[in-house]
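In what follows, a structure is listed as structure tokens, so that the remarks can point back to it.
Residue numbers (the numbering used here): 20 to 305.
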């Protein structure tokens with residue numbers, strides 16, 4: 020009994036310290052990224068986006084869709100290559116992520132993220148597009164693909180490139196930290212105790228041994244996640260794990276039913292989607 024009391028007191032002290040500790044400002048890199056973009060309104064929420072001019076008109080526009088828990092800045096290192104291949108490169112931070120609004124009293128869903136993507140493309144007068152997605156973004160892309168297959172959208176998808184996303188619930192193994200965040204009430208508390216060292220350790224686990232971010236890159240990730248008090252709602256974003264099971268037939272089915280070119284990029288060091296993923300993909304998606 021005394022041990023649990025001590026634990027409760029310790030957690031309480033940490034919570035008080037963190038809640039009253041000022042959030043770090045955006046790093047210079049993330050500030051520059053923000054200054055290169057703008058915002059559009061989705062309902063009452065501000066959504067950050069950037070449009071980069073490409074040098075290949077014949078390549079058509081590409082929409083990039085980032086993963087959890089990061090932002091559109093994930094694509095910055097391949098942006099030059101994308102600009103050479105496409106007429107335009109469209110990047111955006113989904114609601115709850117990066118530089119976009121992160122409302123607290125909000126039910127986050129993959130369906131809404133797809134709605135936001137469609138609304139952005141409509142604003143930009145883009146009616147046909149290539150999709151490039153990663154992780155969480157893969158599931159958003161599959162919802163867009165399902166709508167295209169079923170002809171419930173005016174958006175024409177030209178091709179789809181997925182990368183390391185847990186699109187099959189049976190081959191997806193969330194990290195222990197993610198599992199804890201999905202526990203009701205506990206997730207909300209743990210999100211508020213998101214210290215940099217803990218973040219760096221757990222986030223670093225999903226990178227390969229030879230592709231670890233630099234210290235400054237970790238700081239960039241961290242400042243974007245905490246921006247707009249994002250630490251408060253991170254646990255809500257993880258609802259996508261349950262959504263993948265709930266809508267498995269629709270989203271996996273969209274891959275099986277489509278006639279557009281689909282490419283999967285898979286990094287074998289991924290602990291969330293281990294090597295069994297690729298054989299499963301070949302069996303059920305090709």
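No residue lacks a Cβ here, since even glycine has one placed at the ideal position from N, Cα and C.
What is the C-beta distance between residue i and residue j, in whole angstroms, given that I count them as a contact (C-beta under 8 angstroms)?
i, j, result
"residue 142", "residue 59", "6 angstroms"
"residue 256", "residue 88", "7 angstroms"
"residue 156", "residue 84", "3 angstroms"
"residue 66", "residue 114", "6 angstroms"
"residue 190", "residue 292", "6 angstroms"
List the endpoints of the continuous beta strand (DSSP E) containing residue i.
i, result
"residue 152", "147-152"
"residue 57", "57-61"
"residue 120", "Neither: residue 120 is in no beta strand (DSSP E) and is coded neither H nor E."
"residue 250", "Taken as a continuous stretch (DSSP letters only), residue 250 belongs to no beta strand (DSSP E), as it is neither H nor E."
"residue 107", "107-111"
"residue 65", "64-72"
Under 8 angstroms between the Cβ atoms of residue i and residue j?
i, j, result
"residue 118", "residue 62", "no"
"residue 108", "residue 68", "no"
"residue 91", "residue 112", "yes"
"residue 218", "residue 241", "yes"
"residue 263", "residue 188", "yes"
Compute the Euclidean distance between the alpha carbons of residue i and residue j, then round it to the nearest angstrom.
i, j, result
"residue 290", "residue 243", "23 angstroms"
"residue 48", "residue 288", "27 angstroms"
"residue 170", "residue 45", "41 angstroms"
"residue 300", "residue 273", "13 angstroms"
"residue 303", "residue 275", "7 angstroms"
"residue 159", "residue 56", "22 angstroms"
"residue 254", "residue 150", "27 angstroms"
"residue 228", "residue 104", "29 angstroms"
"residue 277", "residue 175", "12 angstroms"
"residue 248", "residue 153", "24 angstroms"
"residue 122", "residue 259", "17 angstroms"
"residue 322", "residue 101", "What the structure shows of the chain is the stretch from 20 to 305, and residue 322 is not part of that stretch, so it cannot be assessed."
"residue 338", "residue 172", "Here the chain has residues from 20 to 305 only, and residue 338 is not among them."
"residue 280", "residue 43", "42 angstroms"
"residue 161", "residue 138", "17 angstroms"
"residue 296", "residue 224", "18 angstroms"
"residue 136", "residue 230", "29 angstroms"
"residue 72", "residue 147", "16 angstroms"
"residue 311", "residue 86", "With the chain covering 20 to 305 only, the question about residue 311 has no answer from this structure."
Tell me which residue opens and which closes the alpha helix (DSSP H) that residue i is part of.
i, result
"residue 97", "Taken as a continuous stretch (DSSP letters only), residue 97 belongs to no alpha helix (DSSP H), as it is neither H nor E."
"residue 16", "Because the chain is modelled from 20 through 305, residue 16 falls outside the range shown and cannot be assessed."
"residue 299", "295-303"
"residue 49", "47-54"
- Counting Cβ pairs closer than 8 angstroms, one from the segment 268-285 and one from the segment 178-185, do we hit at least three? Taking 8 angstroms as the limit for Cβ pairs, the verdict is that the segment 178-185 does touch the segment 268-285.
- Task: Take every Cβ of the segment 158-175, pair it with every Cβ of the segment 93-104, and state whether three or more of those distances are shorter than 8 angstroms.
- Result: Contact between the segment 158-175 and the segment 93-104 is absent: fewer than 3 CB-CB pairs across the two stretches fall below 8 angstroms.
- Stretch pair the segment 230-237 + the segment 123-137: three plus CB contacts closer than 8 angstroms: By the Cβ test, the segment 230-237 is not in contact with the segment 123-137, since fewer than three Cβ pairs between them sit closer than 8 angstroms.
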